[in-house]
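Read the structure below first, then the notes.
Numbering (full-length UniProt numbering), first residue to last: 1 to 250.
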């Protein structure tokens, strides 16, 4: 996948598409950055809050309208998520050029070369291959890369499920624009619950839960704001003057 060719092809399509406005292009570039970070994966999961911050979009309705229109205009495929702990799924459309082969296309010549290829410095390990395609021999190949233990992977999963400490939660909330008090409320709330959800299930990713907590906090703060316009109108209707001149004729 060529980064430059994909980006130039997207810019060329933007030029001839009169339906787009700057918000569409800004959101697409934010999605393209996430796509590049995932090594141009076939599908990727995105977070609405991070995309809005990257694309400089301040309204949720504008974000949903633009990403839905990009989906209908075949720039991408948008699969909204109903799970607050899981981001929406995006499948970016490949705006390819004529001189670049389509990704995933079957090539019999390459398959034949792959079947006859063996590394020169590495012995062929194991003559028997099971049906699932895994090699039975577990010896480390000479001159090859060592097999990675699954212990490190388990440690990484545990770090995602629970934060390393209060400081990690504070840094994460500060990066998202929230103060230390809100981070402390979040940490103490789930620390007392042993990092489990309300239905008793273990949290799979504490950062996703924290983002959902921030979204609910913003909604709650908006609902708490008084209606200043209505209050001022009532005050104007009841306003009277104390200095009256009763000598003036009606």
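Glycine is no exception: its CB is placed at the ideal position from the N, C-alpha and C atoms. On a predicted model such as this, the values are computed, not experimentally measured, just so you know.
#1: Please report how far the alpha carbon of residue 215 lies from the alpha carbon of residue 246, in whole angstroms.
#2: Going by DSSP, what residue range makes up the alpha helix (DSSP H) through residue 187?
#3: For the 8 Å Cβ check, are there 3 or more pairs between the stretch 55-73 and the stretch 11-29?
#4: Just mark residue 16 as buried or exposed, buried being the case when its beta carbon has 16 or more other beta carbons within 10 Å.
#5: Give me the Cα-Cα distance between residue 197 and residue 218, rounded to the nearest whole angstrom.
#6: Quick one: is residue 28 buried, meaning 16 or more other Cβ sit within 10 Å of its Cβ, or exposed?
#7: Tell me where the alpha helix (DSSP H) around residue 11 begins and ends.
#8: With which residues is residue 89 paired in a DSSP beta bridge?
#9: Give me whichever residues DSSP pairs with residue 205 in a beta bridge.
#10: Return the CA-CA distance between residue 213 and residue 68, expressed in angstroms with no decimal places.
#11: Could you check whether residue 6 and residue 14 sit closer than 8 Å to each other, using their CB atoms as the reference points?
#12: Distance, Cα to Cα, residue 205 vs residue 161?
#13: On the DSSP bridge list, what partners appear for residue 288?
#14: Please report the residue range of the alpha helix (DSSP H) in which residue 27 lies.
#15: Here's the rule: buried if 16 or more other CB atoms are within 10 angstroms of the residue's CB, otherwise exposed. What is residue 190?
#16: Could you tell me the boundaries of the alpha helix (DSSP H) in which residue 68 lies?
#17: On the three-state DSSP scale, how would you describe residue 167?
#18: Where does residue 180 land, buried or exposed, given buried means 16+ other C-beta within 10 angstroms?
#19: Take the Cβ of residue 58 as the centre, count every other Cβ of all protein chains shown within 10 Å, and call the residue buried at 16 or more, exposed below.
#20: Could you check which residue in 42, 41 and 62 has the C-alpha nearest to that of residue 51?
#21: Pull up the CB-CB distance for residue 207 and residue 173, whole angstroms please, since I reckon it's below 8 Å.
#22: Using only the alpha-carbon positions, how far apart do residue 92 and residue 77 sit?
According to the structure data:
#1: Distance from the CA of residue 215 to the CA of residue 246, rounded to the nearest whole angstrom, comes to 58 Å.
#2: Here the alpha helix (DSSP H) through residue 187 covers 180-192.
#3: Yes, since at least three Cβ pairs between the stretch 55-73 and the stretch 11-29 fall closer than 8 Å, the two stretches touch.
#4: For residue 16, the number of other beta carbons within 10 angstroms of its own is below 16, and it is reported as exposed.
#5: C-alpha separation (whole angstroms): 20 Å.
#6: It counts as buried.
#7: Run containing residue 11: 3-16, per the alpha helix (DSSP H) assignment.
#8: DSSP lists 45 and 79 as the bridge partner or partners of residue 89.
#9: Answer by DSSP bridge pairing: none, since residue 205 is not bridged.
#10: Near 25 Å, if we compare the C-alpha coordinates of residue 68 and residue 213.
#11: Contact flag unset, no.
#12: In this model, residue 205 and residue 161 are separated by some 5 Å (Cα to Cα).
#13: Because the chain is modelled from 1 through 250, residue 288 falls outside the range shown and cannot be assessed.
#14: The continuous alpha helix (DSSP H) containing residue 27 extends over residues 22-37.
#15: So residue 190 ends up on the buried side.
#16: Segment 60-72, the alpha helix (DSSP H) holding residue 68.
#17: Annotated three-state conformation of residue 167 is helix, per DSSP.
#18: Flag for residue 180 reads exposed.
#19: The residue in question, residue 58, is exposed, as its Cβ has fewer than 16 Cβ neighbours within 10 Å.
#20: Of the listed residues, the one whose Cα sits closest to residue 51 is 62.
#21: Going by Cβ atoms, the distance from residue 207 to residue 173 rounds to 10 Å, so no, they are not a contact pair.
#22: For residue 92 and residue 77, the distance between alpha carbons rounds to 6 Å.
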